[in-house]
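Notes to accompany the following structure.
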Amino acid sequence: MWIGIDDTDSINGGCTTYLVAELIKELKEYGVVGYPRLVRLNPTLPWKTRGNGAVAIQFGRKDKVERESKFPIAFLDGNLIFGFAVGKCEEEKADESIIKKVSKIVERLAWFKDPKTNPGFVVFNKPLSNDFYWGAVRGVLSQKEAKKEIERRKGFYRGYKNERGLIGATAAVSWEGKDFTFELIAYRDPEFFGKSRGIDDESVKKLDRECPHTFDNWDWKNDHNRIKPNSKGPVYYGIRGEDPSELMRGKELVKSEPVHEWVIFKTNQATDDHLARKQIAGVKPYESAIIEGKVCKAPVTIKGGHVIFVLEDKTGVIDCAAYEPTKEFRSVVRELKVGDLIECYGSVRKERERLTLNLEKIKILKLVKVKAKTENPLCPRCKIHMHSVGKGGGYRCRRCRAKASQKEAVFKEIPRKINLGFYEVPVCARRHLAKPLKRMKYPTFFTSNF
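First residue of the sequence shown: 2, per the numbering used here; consecutive thereafter.
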């Protein structure tokens, strides 16, 4: 059986992932199949709570399991909890008692007083196709569509308030996970909820150096601890990577207050699943896109330190923005010139009736040559440099009044400061779903020189 939950947290506290820990403890008579899932959804939606993450977990018969297939997935109530490989644990059907237990946990831990929090959970006895997931991570789905999918798949659901959580809960179960990463989330003792987190920065730097298959631990350029959240909820820190055993080793390197509990999640983080290739005319608000085009208006820096340029393809034009929080990435964007051919990756927002692509990374495909004038043309008679007669007017010799065109001046090609390949925003500005260059098999250039 599959259980999916979403939209229980708030900007003021709580965390939907914490409900997975409570579910495992509450349903301890069942075995956990695979790893619990943390599934991030469309990052552009204005009604999201914080990270727009839903969770799902599969349970099976604990007494009908092949013990050699187990692997550690959590540490809860002082005990190491194991998951079991898919196909090695007999399926279990949900009943009314399970529904009541899930309801009890959601109703105890969800932040109902927050107007933006609208919890929902689903229970399925069979896995879903991943079509609903793609709709939720790349588009905008409704509660009605979620209910239709649940009923079509003969699932159970319970929604609260406006029931928006049913969308994410269903999507989390629907996620197929062909590309995936893992995150070990450490939780605090409840007595520390809401208090500052005492995590030793040097130990996080050591984690980043010694665990090569982890990512987004420390922003070396901006001196930022990325594993530590800013929220007031139960999460102490989260370590992300591609190898669960390395995440457990990383946990041992982090110096902090005692970790109360932890869970390893299989996630769609760092996969770029939210991005779809589009032409500019097909781009809509609340989507994320990859757009290939040419720079048609040079970058300018506006109030607030944001850098904006205009991209064009054969179907239209769109503003592209590197906002102030992207820090040194803006210096890369400032080096773009009119005519450069690039791919832009980011999410679409509507500002003053214009669409803007909020950049997550760019891929430079072709750079135009940039030339600078080094000297004015020589007069062929007088052998002295001519002088400019004004913009677009060419040149004239002061002695004999001979004329020359602009192209007769001497020009030198100026080396570009950027190269072909990928550039990304720094760790401190990276979104959950954005795939780091560390996970990409393409020519990449980092922004440490800017």
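Beta carbons are placed, not taken as given, at the ideal position from N, Cα and C, and that holds for glycine.
Quiz prompt | Cβ-Cβ distance between E414 and K370 below 8 Å | solution = Judged by beta-carbon spacing, K370 lies within the 8 Å limit of E414, meaning their Cβ atoms are closer than that value.
Exercise. Determine the direct distance from the alpha carbon of A373 to that of H388, and round the result to whole angstroms.
Key: Rounded to whole angstroms, H388 to A373 spans 17 Å at the Cα level.
Self-check item: C-beta atoms of T302 and V311 nearer than 8 Å
Solution: Cβ atoms of T302 and V311: not closer than 8 Å.
Practice problem: Counting only the same chain and skipping the five closest in sequence on each side, list residues whose C-beta sits under 8 Å from that of A22. | Solution: For A22, where only same-chain residues beyond five positions count, the Cβ hits under 8 Å are A75, L77, Y188, E262 and V264.
Practice problem: State the Cα-Cα distance for the pair A452 and Y396, rounded to the nearest angstrom. | Solution: In the structure as shown, the chain starts at 2 and stops at 451, and residue 452 therefore has no counterpart that could be examined.
Self-check item: Secondary structure of G136, DSSP reduced to three states
Solution: Reduced to three states, the DSSP call for G136 is helix.
Quiz item: So, are the CB atoms of Y346 and L276 less than 8 Å apart?
Solution: A contact, by the Cβ cut-off of 8 Å.
Quiz item: Based on Cα-Cα distance, which residue from E376, E329 and N420 lies nearest to F412?
Solution: When C-alpha distances from F412 are compared across E376, E329 and N420, the shortest belongs to E376.
Quiz item: Would DSSP call P326 helix, strand or coil?
Solution: Correct three-state label for P326: helix.
Quiz item: Where does I168 sit, in a helix, a strand or coil, going by DSSP?
Solution: Here I168 sits in helix by DSSP.
Quiz item: Buried or exposed: where does L81 fall if 16 or more other Cβ atoms within 10 Å of its Cβ makes it buried?
Solution: Exposed, since its Cβ has fewer than 16 Cβ neighbours within 10 Å.
Quiz item: Under a three-way DSSP split, which group does T357 fall into?
Solution: Shown here, T357 sits in a strand according to DSSP, grouped into three states.
Quiz item: Does DSSP put S449 in a helix, a strand or coil?
Solution: Summary for S449: the model assigns pLDDT 47, below 50, so the residue's position carries little reliability; its value from the coordinates is reported in the next sentence. DSSP, reduced to helix, strand and coil, places S449 within a helical segment of the structure shown.
Quiz item: Roughly how many angstroms lie between the CA atoms of C297 and A435, to the nearest whole one?
Solution: So the alpha carbons of these two residues sit roughly 26 Å apart.
Practice problem: Look at the Cβ atom of G5, then the Cβ atom of F113, and state whether they are nearer than 8 Å. | Solution: No, the pair does not count as a contact, with Cβ atoms beyond the cut-off.
Quiz item: If you draw a straight line from the C-alpha of H225 to the C-alpha of L438, how long is it?
Solution: C-alpha of H225 to C-alpha of L438: approximately 18 Å in a straight line.
Quiz item: Going by alpha carbons, who is nearest to I419 out of K364, G195, S204 and V284?
Solution: For the residues K364, G195, S204 and V284, the minimum Cα distance to I419 belongs to K364.
Quiz item: Below 8 Å, can you find three or more Cβ-Cβ pairs linking the region 276-289 to the region 204-223?
Solution: Contact fails: fewer than three Cβ-Cβ distances are below 8 Å.
Quiz item: Closest to C401 by CA distance: which of L379, P416 and G393 is it?
Solution: Closest option to C401, judged by alpha-carbon separation, among L379, P416 and G393: L379.
Exercise. Specify, as a first and last residue, the run of the alpha helix (DSSP H) that D115 falls within.
Key: Run containing D115: none; DSSP gives neither H nor E here.
Quiz item: Sorted by chain position, which residues of the same chain lie with C-beta nearer than 6 Å to P300's C-beta, five sequence neighbours on each side aside?
Solution: Same-chain partners within the cutoff: V308, F310, V334, R335 and L337.
Self-check item: Exposure label - T215; buried when at least 16 CB within 10 Å
Solution: It counts as buried.
Quiz item: Are the beta-carbon atoms belonging to D314 and I291 less than 8 Å from one another?
Solution: Against a cut-off of 8 Å, the Cβ pair of I291 and D314 comes out as no contact.
Self-check item: Straight-line Cα distance separating P47 from A173
Solution: If you take the alpha carbons of A173 and P47, they lie about 20 Å apart.
Exercise. Would you mind working out which of D132, R38, D8 and K252 sits nearest K162, comparing C-alpha positions?
Key: For K162, the nearest C-alpha among the options comes from D8.
Quiz item: Three or more C-beta pairs closer than 8 Å, one from the region 23-39 and one from the region 56-65: is that the case here?
Solution: The region 23-39 vs the region 56-65: in contact.
Quiz item: Less than 8 Å separating the beta-carbons of C16 and R227?
Solution: For C16 and R227, no; Cβs fall outside 8 Å.
Quiz item: Where do the N-terminal and C-terminal ends of the beta strand (DSSP E) with E293 fall, by residue?
Solution: Here the beta strand (DSSP E) through E293 covers S289 to T302.
Self-check item: Same chain only: Cβ atoms within 6 Å of D209, ignoring 5 sequence neighbours per side
Solution: Excluding residues within five positions, the ones whose Cβ falls inside 6 Å are N218 and W219.
Exercise. Work out the CA separation of F183 and K94 for me, nearest whole Å.
Key: Looking at the two C-alpha atoms, the distance is approximately 27 Å.
Exercise. Please work out which residues of its chain come closer than 7 Å, Cβ to Cβ, to G305, disregarding the five sequence neighbours upstream and downstream, and give them in chain order.
Key: Cβ neighbours of G305 beyond the five flanking positions: E325.
Quiz item: What's the gap between the Cα of E258 and the Cα of R250?
Solution: Each residue's CA atom was taken as its position, placing E258 and R250 some 17 Å apart.
Self-check item: I25 - containing alpha helix (DSSP H), residue span
Solution: Looking at the DSSP string, the run of the alpha helix (DSSP H) that includes I25 is T17 to E27.
Quiz item: How many Å lie between E280 and P37 at the Cα?
Solution: The identity of residue 280 in the sequence shown is Gln, whereas the question assumes Glu. Q280 and P37 have their C-alpha atoms some 36 Å from each other.
Self-check item: V40, buried or exposed, once every other Cβ within 10 Å from all chains shown has been counted against 16
Solution: The residue is buried, with at least 16 neighbouring Cβ atoms inside 10 Å.
Quiz prompt | For W219: DSSP bridge partner residues | solution = Beta-bridge analysis with DSSP links W219 to N226.
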